[in-house]
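Undergrad: For reference, the structure I am asking about is given below.
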Amino acid sequence: MKKIFWVFLILAFLFLNEYLSKFLLAIFVGNLEFSQAIERTFQYATAKSYLLSAAFRIIPFVAIGLFAAKSSVTKSIIGKVGIWIITLFAISFILYGYLGMQHSLFTDEHTSSTSALALIWIPIWAFLFVVVGAVALVVVSKIANFFQTHA
Numbered sequence: 016m017k018k019i020f021w022v023f024l025i026l027a028f029l030f031l032n033e034y035l036s037k038f039l040l041a042i043f044v045g046n047l048e049f050s051q052a053i054e055r056t057f058q059y060a061t062a063k064s065y066l067l068s069a070a071f072r073i074i075p076f077v078a079i080g081l082f083a084a085k086s087s088v089t090k091s092i093i094g095k096v097g098i099w100i101i102t103l104f105a106i107s108f109i110l111y112g113y114l115g116m117q118h119s120l121f122t123d124e125h126t127s128s129t130s131a132l133a134l135i136w137i138p139i140w141a142f143l144f145v146v147v148g149a150v151a152l153v154v155v156s157k158i159a160n161f162f163q164t165h166a
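Just so you know, we're using our numbering here: the sequence shown kicks off at 16 and counts up by one.
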């Protein structure tokens, strides 16, 4: 995989988190000004809370990275496109999950007492989707190789 993939993967891990989703919700749902959104987003933020959520959020990113680095599938065009699709799906799922988890903070809805568990479960579900995507990519790659060699 090219260097741009690895830079993208690292930056996505670092910045696509619950703080970004809270900021986006503050701007688009809460209709706050930029400075107010920053203040509201980081009012209770600590390095410890970021590292705690990052410890779980890293799970799907490590899976993607290991698959991209170790699998020979990612050397083909189908594999490169597939790993990008898997990565973008996992990132989208994580961000969408965090948006859903915090949406009620900016509306009149009731916030569930267990919503913080999403910080743990969203990355675990994303990991499962990465595994399913990797298996599907290997199968599609094998089928494509079969037809290329027998055509």
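We treat Cβ as the ideally placed atom computed from N, Cα and C, and that holds for glycine.
Considering only residues of the same chain and omitting the five flanking positions on each side of Gln51, which have a CB-CB separation below 8 Å?
TA: Answer for Gln51: Ala41, listed in chain order.
Undergrad: How is Gln163 classed by DSSP in three states: helix, strand or coil?
TA: The answer is helix: DSSP assigns Gln163 an H, G or I state.
Undergrad: Determine the direct distance from the alpha carbon of Leu134 to that of Leu26, and round the result to whole angstroms.
TA: In a straight line, the C-alpha of Leu26 is about 19 Å away from that of Leu134.
Undergrad: May I have the straight-line CA-CA distance separating Thr61 from Ile137, to the nearest angstrom?
TA: Taking the straight line joining both Cα atoms gives about 21 Å.
Undergrad: Quick check: the region 29 to 37 against the region 65 to 79, are there 3 or more CB pairs under 8 Å?
TA: In short, these stretches touch, since the Cβ pair count reaches three.
Undergrad: Considering Cα atoms alone, identify which of Leu103, Phe108, Ala105 and Gly115 is closest to Val44.
TA: Residue Gly115 is the option with its Cα nearest to Val44.
Undergrad: How is the alpha helix (DSSP H) around Arg59 delimited, first residue to last?
TA: Strictly speaking, residue 59 in this sequence is Tyr, with Arg absent from that position. Note, Tyr59: premise wrong, no alpha helix (DSSP H); not H, not E.
Undergrad: For Val145, which option in Phe82, Thr56, Thr122 and Ala70 has the closest C-alpha, if you only look at C-alpha atoms?
TA: Measuring from the Cα of Val145, the nearest candidate turns out to be Phe82.
Undergrad: With three or more C-beta pairs closer than 8 Å as the rule, is the region 118 to 126 touching the region 82 to 92?
TA: With the cut-off at 8 Å, the region 82 to 92 and the region 118 to 126 do not touch.
Undergrad: Candidates Trp21, Pro75, Ala131 and Ile93: which alpha carbon is nearest Ile109's?
TA: Answer by Cα proximity: Pro75.
Undergrad: Identify the continuous alpha helix (DSSP H) that holds Ala171 and give its terminal residues.
TA: Since the displayed the chain opens at 16 and closes at 166, residue 171 lies outside it and no answer follows.
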